[in-house]
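Colleague: Protein chains in written order, with my numbering: chain A, 1 to 426; chain B, 1001 to 1285.
The C-beta atom is built at its ideal place from N, Cα and C for all residues, glycine as well.
Bear in mind that the values here come from a model prediction, so they are computed numbers and not experimental data.
Okay, here's the structure, questions in a sec.
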Amino acid sequence: MAILAKPKVGYSRRSLLKAGGAAIAASTLPAPMLWAQDTKDIVLRQFGTGVSNLNDVANKVKEDLGFTLEMTALDSDSVTQRAATQPDSFDIADIEYWICKKVWPTGNLQAMDVSRIANYDKIVGIFKDGKLTPDSEIAQGTAPHTVGFIPEPGATTFADEQTNWMTLIPTIYNADTLGIRPDLIGRPIESWAELLNPEFQGKASILDISSIGIMDMAMVCEAMGEIQYGDKGNMTREEIDATMAIFTEAKQNGQFRAFWKTFDESVNLMASGEVVIQSMWSPAITAVKSRGIPCVYQPLKEGYRSWGGGIGLSQSLSGMELDAAYEYINWYLSGWVGGYLMRQGYYSAVPETSKEFMSENEWGYWFEGKEATDVITSPTGDQLAQAGEVRDGGSFEERMGSVACWNAVMDENQYMVRKWNEFIAA
Amino acid sequence: MRLKNRHVLGWLEASPLALVLLLFLVAPIVMIVIVSFWGATEFSIYPAFQFDNYEFLFGSPVTYRVFLATLKYAFITWALTLAIGFTVAYFLAFHVRSLTMQIALFLVCTIPFWTSNIIRMISWIPFLGRNGIANQTLISWGLIDEPLEWLLYSDFAVILAFVHLYTLFMVVPIFNTMMRIDKSLLEAARDNGASGLQTLVHVILPLTKPGIMIGTIFVVTLVMGDFITVRFMSGSQRANVGRLISNDIGLLQYPSAAATAVVLLCTVLIVIAILLRFVNIRKEL
């Protein structure tokens, strides 16, 4: 695991890809072990979805902690694939909780000792007992706390309650809904059912990642009053068939302009006006807005589809690298990253530490749902909101409090995937 | 004794190539065939000998629809690239007189290949989009009132990209064969009173067949094996066999992907076998 790489000053996507390739090549060849190792020589290879694999984070890690973090951004399917099949190609997996449910049984990840996590007590309840507030209801789907703990190190099944062994350290999460172009729609949108409204024929889109797409579909079908689900996160075959039938019909009627698979595609579809209503992720909205194009992350009366991501450690991580990884995790929860992500519209697992890294105006706007008192800018300097504007959906409690279901993997996943393929080919 | 030595020498001479082919062509294909009989769970594959993957493949109506769509793309792309490729090659070979000019113009044809084919493909997207250059130009000319929706994310877009990407593969072999046609044959045809069209149909076309066939094999195999063009240009709304395979791989269903790949390989081989019945390309090589 001892891989030496020259510290890089600035990361470009290309150099990252190259470094990633070299790291994979190096790890498959027997490299000489270096015993006298310096922290600055440690390289941790992290991969995950684009949302949190940020070069700024890698640069800050180098600055604050001294070691090098190499990042590779992939789409959700590739992330799952890599975590499940190439355990030696990464040290840290930045994955979602539903991916964890799929990947954990392979034994490629190792559980984390909660007692080594400094801010554990401050982590939001959603990731511990599943409750945002003591009296909140647990939403459908793969709620993070259900796959967040294992009974003992080495176990491949999940624990029912909090233990000392955590599968993923929660990093970011958010509540997703539909993105719309208010300027091109020109009327209020209040329900998920609008996605299939013939008014938007040829101007709607949905994401082509089966496990998430099926959830958005379920939200729509339920909102239309067509299907009542027992658990949207764990559908029966009949429910899957009924859902697919509704969407296949819509597809054949030309409801959809395109399907998207990557973040960039969703941004381009929206920004170019090809699509006016679609499933979308929060930073994609930010990206569209920062081009000066109006785009709203529309809160809908049926609630949100939520997701959570966390950092998992590779089974092969040990010694100094493992210590470095714990150091990284503690740093991750200590506030800087949280502040950075919250200024993009995500939530940090430990909001109170992030507060110190945000201005009062930013905290008020992003977290408390208050009117902005001044211009709100993204971490990269784009203007996102003017004074007086309020965040779509309001405060943290309002948004995370109305989660209808979590991203999930179902018992009937393989069946669902086949049906999804049919839907795409239909 | 002497004869036996020659025998051994011959084998030795052939062995490096045989070894390379065995290692990099035969072995991977054998591996794919083997894996296509394996089983898969959510996150792993396990060795087995079962026909589940093929059973599902042949039992699903989607498979037939997708193979049909793949053949449709291949056929339309073939027809268009052939028409364009033949015309371009004809122009280069018979209308341009100086060799220098021929070479220069031929190199001009290859300029688009200086960038990656993904970039060449994606650059169509802003051009064809609802508010893209094509639609804006047509609207400003007053030809249409509403943007044309079918320009992008449609079969039209997919085939346009295919034709753009693969026409050169038709031009090169056809041009190559045409350059070998003895010019005195054309003069003889003319002396015997053949019109331009008659010369084309009865002299040039038959003599160009091997080039056309090589180009056809290139285009057909490229289109049938493609998945990324279909995904981007149809906005993920259309499927071909390549996309079925890539979806399966994305979802860790390697055995099922391998089974589809085997069926695709057989289909392509059958298509090529049929093509080779028409023309003997060995003559050309």
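1) What number of angstroms, rounded off, separates the C-alpha of P1061(B) from the C-alpha of Y415(A)?
2) Buried or exposed: where does N1131(B) fall if 16 or more other Cβ atoms within 10 Å of its Cβ makes it buried?
3) In whole angstroms, give me the CA-to-CA distance for T1070(B) and L1057(B).
4) Here's the rule I'm using: 16 or more other beta-carbon atoms within 10 Å means buried, otherwise exposed. How should F1113(B) be labelled?
5) Which one of L132(A), D113(A), C295(A), N197(A) has the shortest CA to CA distance from L384(A)?
6) On the CB-based measure, 16 or more other CB atoms within 10 Å of its CB, does N421(A) come out buried or exposed?
7) Using DSSP with H/G/I as helix, E/B as strand and the rest coil, what is Y229(A)?
8) Is the beta carbon of M280(A) less than 7 Å from the beta carbon of S290(A)?
9) Name the chain B residues whose beta carbon is nearer than 7 Å to that of V417(A)?
10) Does DSSP put R237(A) in a helix, in a strand, or in coil?
11) Given a cut-off of 7 Å on the beta-carbon distance, is the pair T72(A) and F47(A) in contact?
12) Can you have a look at P283(A) and say buried or exposed, based on whether 16 or more other CB atoms are within 10 angstroms of its CB?
13) Kindly identify the DSSP beta-bridge partner or partners of P87(A).
14) According to the neighbour-count rule (16 or more other Cβ atoms, all chains shown, within 10 Å of its Cβ), is A36(A) buried or exposed?
15) To which residues of the same chain is Y229(A) closer than 7 Å at the C-beta, ignoring the five residues directly before and after it?
16) If I follow the unbroken alpha helix (DSSP H) through D374(A), where does it start and stop?
17) At least one CB of chain A closer than 7 Å to the CB of A1259(B): is that the case?
18) Would you list, in chain order, the members of the segment 1050 to 1066 of chain B that have their beta-carbon closer than 7 Å to a beta-carbon of chain A?
19) What first and last residue would you give for the alpha helix (DSSP H) that runs through P1028(B)?
20) In the DSSP assignment, find the alpha helix (DSSP H) that holds T353(A) and state where it starts and stops.
21) What is the rounded straight-line gap between the Cα of V43(A) and the Cα of S314(A)?
22) Whole angstroms is fine: what's the gap from P351(A)'s alpha carbon to F247(A)'s?
23) Going by Cα to Cα distance, which pick from I1159(B), S1154(B), Y1166(B) is closest to S1116(B)?
24) Could you give the residue range of the alpha helix (DSSP H) that holds Q1198(B)?
25) With DSSP as the reference, please indicate the residues paired to N174(A) in a beta bridge.
26) Name the two residues that bound the continuous alpha helix (DSSP H) containing I1212(B).
27) Give the DSSP bridge partners of G1039(B), in chain order.
28) How big is the Cα-Cα spacing for E471(A) and G125(A)?
29) Measure the alpha-carbon distance for S306(A) versus D176(A) and round it to whole angstroms.
30) Leaving out five residues on either side along the sequence, give the residues of the same chain with a beta carbon under 6 Å from the beta carbon of G130(A).
31) Go ahead and pull the three-state DSSP assignment for D77(A).
32) Short of 7 Å Cβ to Cβ, which residues in the segment 1221 to 1255 of chain B face chain A?
33) Helix, strand or coil for G186(A), going by three-state DSSP, please let me know.
34) So is R257(A) in contact with chain B if we call contact Cβ pairs under 7 Å?
35) Does the count of Cβ pairs from the segment 1173 to 1180 of chain B and the segment 1138 to 1158 of chain B closer than 8 Å reach three?
36) Below 7 Å between beta carbons is the criterion; list the residues of the segment 181 to 212 of chain A that meet it against any residue of chain B, in chain order.
Modeller: The short version:
1) Walking along the second sequence from the start, residue 1061(B) turns up at place 61. Walking along the first sequence from the start, residue 415(A) turns up at place 415. Going from the Cα of P1061(B) to the Cα of Y415(A) covers about 15 Å.
2) As a working note, residue 1131(B) is residue 131 in the second sequence. Exposed.
3) Walking along the second sequence from the start, residue 1070(B) turns up at place 70. Walking along the second sequence from the start, residue 1057(B) turns up at place 57. Rounded to the nearest angstrom, the gap between the Cα atoms of T1070(B) and L1057(B) is 15 Å.
4) By 1-based counting over the second sequence, the position of residue 1113(B) is 113. F1113(B) should be labelled exposed.
5) The count along the first sequence starts at 1 and reaches residue 384(A) at position 384. Checked all of L132(A), D113(A), C295(A), N197(A); the closest Cα to L384(A) is C295(A).
6) Within the first sequence, the letter at position 421 stands for residue 421(A). Label assigned to N421(A): buried.
7) On the first sequence, position 229 is the one that residue 229(A) refers to. It is coil, neither helix nor strand.
8) Numbered from its first residue, the first sequence carries residue 280(A) at position 280. Numbered from its first residue, the first sequence carries residue 290(A) at position 290. Not in contact: M280(A) and S290(A) (Cβ atoms no closer than 7 Å).
9) On the first sequence, residue 417(A) is found 417 positions in, with the first residue counted as 1. Those are L1251, listed as they occur along chain B.
10) Within the first sequence, numbered from 1, the residue matching residue 237(A) stands at position 237. Here R237(A) sits in helix by DSSP.
11) Counting from one through the first sequence, the residue named residue 72(A) turns up at place 72. Counting from one through the first sequence, the residue named residue 47(A) turns up at place 47. Yes, Cβ-Cβ distance for T72(A) and F47(A) is below 7 Å.
12) Mapped onto the first sequence, residue 283(A) falls at position 283. It counts as buried.
13) Stepping through the first sequence from its first residue, residue 87(A) is reached at position 87. Answer is none; P87(A) lacks a bridge partner.
14) Reading the first sequence from its first residue, position 36 is the one you call residue 36(A). Residue placement at A36(A) is flagged as unreliable, the pLDDT there being 43, under the threshold of 50; the coordinate-derived value follows with that caveat. A36(A) is exposed by the Cβ-count criterion.
15) Residue mapping note: residue 229(A) aligns to position 229 of the first sequence, counting from 1. Around Y229(A): A218, E222, M235, E239.
16) Taking the first sequence and counting its residues from 1, the one referred to as residue 374(A) is at position 374. Here D374(A) belongs to no alpha helix (DSSP H), and DSSP marks it neither H nor E.
17) On the second sequence, position 259 is the one that residue 1259(B) refers to. Answer no: the Cβ-Cβ gap between A1259(B) and chain A never drops below 7 Å.
18) V1062, R1065, V1066
19) Taking the second sequence and counting its residues from 1, one reaches residue 1028(B) at position 28. Element bounds for P1028(B): 1027 to 1035.
20) As a working note, residue 353(A) is residue 353 in the first sequence. Per DSSP, T353(A) is one residue of the alpha helix (DSSP H) stretching across 351 to 355.
21) For the purposes of this step, residue 43(A) is identified with residue 43 of the first sequence, where counting begins at 1. For the purposes of this step, residue 314(A) is identified with residue 314 of the first sequence, where counting begins at 1. Cα to Cα, the separation comes out at about 14 Å.
22) Working through the first sequence from its first residue, we reach residue 351(A) at position 351. Working through the first sequence from its first residue, we reach residue 247(A) at position 247. Taking the straight line from one Cα to the other gives about 38 Å.
23) On the second sequence, position 116 is the one that residue 1116(B) refers to. Residue Y1166(B) holds the alpha-carbon nearest to the alpha-carbon of S1116(B) among I1159(B), S1154(B), Y1166(B).
24) Taking the first residue of the second sequence as 1, we reach residue 1198(B) at position 198. Element bounds for Q1198(B): 1196 to 1199.
25) Residue numbering aside, residue 174(A) sits at position 174 when the first sequence is read from its first letter. Under DSSP, N174(A) forms a beta bridge with W307(A).
26) Here residue 1212(B) corresponds to residue number 212 of the second sequence, with the count starting at 1. DSSP places I1212(B) inside the alpha helix (DSSP H), whose first and last residues are 1205 to 1225.
27) Numbered from 1 along the second sequence, position 39 holds the residue referred to as residue 1039(B). Y1046(B).
28) One cannot answer for residue 471(A) here, as it falls past the ends of chain A, which runs 1 to 426.
29) Counting from 1 along the first sequence, the entry for residue 306(A) is found at position 306. Counting from 1 along the first sequence, the entry for residue 176(A) is found at position 176. Roughly 6 Å separates the two Cα atoms.
30) One-based indexing of the first sequence puts residue 130(A) at position 130. Closer than 6 Å at Cβ, skipping near neighbours: I138, A143, H145.
31) As a position in the first sequence, residue 77(A) is number 77, starting the count at 1. Note: D77(A) maps to helix in three-state DSSP.
32) G1235, S1236, Q1237, A1239, L1244, N1247, G1250, L1251, L1252
33) Taking the first residue of the first sequence as 1, we reach residue 186(A) at position 186. Looking at G186(A) - three-state DSSP - the assignment turns out to be coil, as it is neither helix nor strand.
34) Here residue 257(A) corresponds to residue number 257 of the first sequence, with the count starting at 1. Answer yes: the Cβ-Cβ gap between R257(A) and chain B drops below 7 Å somewhere.
35) Counting Cβ pairs under 8 Å, fewer than three are found: no touch.
36) From the segment 181 to 212 of chain A, only G202, D208 have a Cβ closer than 7 Å to chain B.
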